[in-house]
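The sequence shown lines up with residues 3 to 331 when you count with our numbering. C-beta: ideal position from N, C-alpha, C; glycine also. The structure displayed is predicted, hence computed values, not measured ones. The structure appears below as structure tokens.
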Amino acid sequence: MMRFFVFIGMICLFSACVREQYRRIEGKIYGTYYRITYEAKEDFSEKLKAEMEKVNASLSMFNPRSVVARWNRGESEEVDSLFMRMFQAAEKINRETKGAFDITVAPLANAWGFGYKQNRFPLPEEIDSLLQYIGMEKLKIAGCHLLKEKKEMEIDASSIAKGLGVDLVAEFLEGHKVRNYMVDIGGEIRAKGESDKERPWRIGIDKPIGDVAASGRELQMIIQFTGGAIATSGNYRNYYIHEGKKYAHTINPRTGYPVQRDILSSSVYAPTCMEADAYATAFMVLGLEESKKIVENNAEIEVCFVYEQEGENKVWMTEKFKDLVVKEE
3 MMRFFVFIGM ICLFSACVRE QYRRIEGKIY GTYYRITYEA KEDFSEKLKA EMEKVNASLS
63 MFNPRSVVAR WNRGESEEVD SLFMRMFQAA EKINRETKGA FDITVAPLAN AWGFGYKQNR
123 FPLPEEIDSL LQYIGMEKLK IAGCHLLKEK KEMEIDASSI AKGLGVDLVA EFLEGHKVRN
183 YMVDIGGEIR AKGESDKERP WRIGIDKPIG DVAASGRELQ MIIQFTGGAI ATSGNYRNYY
243 IHEGKKYAHT INPRTGYPVQ RDILSSSVYA PTCMEADAYA TAFMVLGLEE SKKIVENNAE
303 IEVCFVYEQE GENKVWMTEK FKDLVVKEE
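Here you go:
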């Protein structure tokens with residue numbers, strides 16, 4: 003009888019140690035890909051897609067029925083809770099970066115052909131005219147309404163919304179007791195626990211090589227972590243050439259022109275992907291020295307900047323970011 007109980011106990015112990023199934027789903031959303039890997043008994047595929055679609059319903063400029071699209075057209079000032087969550091984070095980072103991150107950049111993005119309107123290369127006087135509609139300080143929250151100082155103002159949340167979509171999926175998984183997962187939407191990533199290889203999740207960071215088709219991808223480095231989010235912003239894929247000069251998709255909201263700074267790519271490790279996404283964009287606008295000052299005063303983020311100096315690409319990382327690196331190419 004004793005042997006029987008010992009045998010049953012060993013079975014129970016063994017069963018407790020067996021890992022649950024790692025599930026993978028992938029597809030297209032927000033104009034890019036998504037790949038989600040998680041360890042769970044239950045298949046959450048449809049529910050995870052529903053979480054991602056919440057962002058399209060609230061923050062997409064390309065969905066004519068979204069909260070943002072209707073606000074941009076002046077049809078409604080009412081906003082939802084997801085918009086409010088995005089707006090509060092954007093407002094904080096806008097203040098911290100002294101306007102380098104600004105979701106009211108939509109008129110400029112459209113003028114340069116990187117928004118929902120496909121224009122190209124505006125005249126200087128057009129840019130000067132549009133600057134009057136830029137600035138988060140011209141917006142005001144009143145209850146569940148967002149008021150704008152000028153009716154021509156529009157919002158482009160693309161530099162923060164994708165990260166928020168990643169967070170929604172991660173929070174859903176954590177709410178269902180999933181301990182091991184990685185959510186990747188267009189290279190914006192949040193992960194927790196371990197991969198099916200029983201090690202921390204490993205993520206490659208691309209070299210900032212000018213390649214619109216992303217056909218010549220090379221890795222700058224590989225990092226690993228068991229909790230947190232990483233987002234990378236760069237101007238080496240989304241750009242066009244006009245009269246021999248490169249014009250990239252990151253617009254400086256303070257000048258109205260595409261960014262021409264020393265940082266080639268900005269990778270930010272943060273508690274949430276929404277924060278990582280927004281800071282990565284802001285640092286592209288600020289450049290190396292201004293960005294360093296912000297990073298030094300923010301204990302919640304770690305960064306890796308690939309920048310150009312005297313015609314050569316160089317790398318600057320915070321000390322804690324260096325701890326994430328497992329392999330450099």
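Burial state of residue i (16 or more Cβ within 10 Å)
{"i": "Gly-117", "result": "buried"}
{"i": "Gln-1", "result": "Residue 1 lies beyond the stretch modelled for the chain, which goes from 3 to 331, so this question has no answer here."}
{"i": "Gly-76", "result": "exposed"}
{"i": "Ala-108", "result": "buried"}
{"i": "Cys-275", "result": "buried"}
{"i": "Ser-60", "result": "buried"}
{"i": "Asn-112", "result": "buried"}
{"i": "Asn-237", "result": "buried"}
{"i": "Lys-209", "result": "buried"}
{"i": "Glu-277", "result": "buried"}
{"i": "Glu-314", "result": "exposed"}
Per DSSP, the bridge partner or partners of residue i
{"i": "Ala-144", "result": "His-147"}
{"i": "Asp-279", "result": "According to DSSP, Asp-279 bridges with nothing at all."}
{"i": "Val-308", "result": "Ser-267 and Val-317"}
{"i": "Tyr-40", "result": "Arg-25 and Tyr-183"}
{"i": "Ser-235", "result": "Ser-268"}
{"i": "Val-327", "result": "Ile-225"}
{"i": "Glu-80", "result": "His-147"}
{"i": "Thr-34", "result": "Ile-31"}
{"i": "Ala-253", "result": "The displayed chain sequence assigns Ile, not Ala, to residue 253. Bridge partners of Ile-253: Pro-260."}
{"i": "Gly-230", "result": "Ala-193"}
Alpha-carbon spacing of residue i relative to residue j, whole angstroms
{"i": "Pro-124", "j": "His-251", "result": "14 Å"}
{"i": "Arg-219", "j": "Ala-144", "result": "46 Å"}
{"i": "Ala-92", "j": "Asp-325", "result": "28 Å"}
{"i": "Phe-46", "j": "His-178", "result": "10 Å"}
{"i": "Thr-39", "j": "Trp-203", "result": "11 Å"}
{"i": "Ala-282", "j": "Leu-290", "result": "12 Å"}
{"i": "Glu-190", "j": "Gly-165", "result": "6 Å"}
{"i": "Leu-141", "j": "Lys-294", "result": "28 Å"}
{"i": "Glu-127", "j": "Gly-258", "result": "11 Å"}
{"i": "Ala-193", "j": "Asn-182", "result": "8 Å"}
{"i": "Asn-74", "j": "Gln-23", "result": "44 Å"}
{"i": "Leu-110", "j": "Leu-133", "result": "8 Å"}
{"i": "Met-319", "j": "Ile-303", "result": "11 Å"}
{"i": "Ala-52", "j": "Glu-312", "result": "48 Å"}
{"i": "Glu-200", "j": "Ile-27", "result": "20 Å"}
{"i": "Gly-115", "j": "Ser-68", "result": "21 Å"}
Continuous beta strand (DSSP E) stretch holding residue i: start and end
{"i": "Gly-190", "result": "In the sequence under discussion, the amino acid at residue 190 is Glu, which differs from the Gly named in the question. Per DSSP, Glu-190 belongs to the beta strand (DSSP E) from 190-194."}
{"i": "Met-223", "result": "221-227"}
Nearest residue (CA-CA) to residue i, options the options
{"i": "Thr-34", "options": "Val-168, Arg-181 and Thr-320", "result": "Val-168"}
{"i": "Gly-229", "options": "Lys-209, Ser-68, Ile-205 and Met-88", "result": "Ile-205"}
{"i": "Ile-265", "options": "Ala-301, Val-305 and Ala-231", "result": "Val-305"}
{"i": "Ile-136", "options": "Pro-126, Glu-127, Gly-115 and Glu-154", "result": "Glu-154"}
{"i": "Val-317", "options": "Ser-268, Glu-151 and Lys-100", "result": "Ser-268"}
{"i": "Gly-101", "options": "Phe-285, Arg-256 and Pro-260", "result": "Arg-256"}
{"i": "Thr-99", "options": "Met-286, Arg-263 and Glu-79", "result": "Met-286"}
{"i": "Ala-284", "options": "Glu-321, Phe-103, Val-261 and Ala-272", "result": "Phe-103"}
{"i": "Phe-323", "options": "Thr-234, Ile-225 and Asp-158", "result": "Ile-225"}
{"i": "Val-81", "options": "Leu-288, Cys-146 and Ile-187", "result": "Cys-146"}
{"i": "Ala-172", "options": "Glu-151, Gly-195, Gln-90 and Phe-64", "result": "Gly-195"}
{"i": "Lys-152", "options": "Pro-66, Glu-176, Thr-106 and Asp-158", "result": "Thr-106"}
{"i": "Ala-159", "options": "Val-297, Tyr-32 and Asn-300", "result": "Tyr-32"}
{"i": "Leu-170", "options": "Arg-122, Ser-83 and Ile-207", "result": "Ser-83"}
N-terminal and C-terminal residue of the alpha helix (DSSP H) that residue i is part of
{"i": "Ile-205", "result": "Element bounds for Ile-205: not the alpha helix (DSSP H) but the beta strand (DSSP E), 203-208."}
{"i": "Ile-296", "result": "290-298"}
{"i": "Ile-129", "result": "126-132"}
{"i": "Glu-48", "result": "47-61"}
{"i": "Asn-112", "result": "108-113"}
{"i": "Asp-169", "result": "160-177"}
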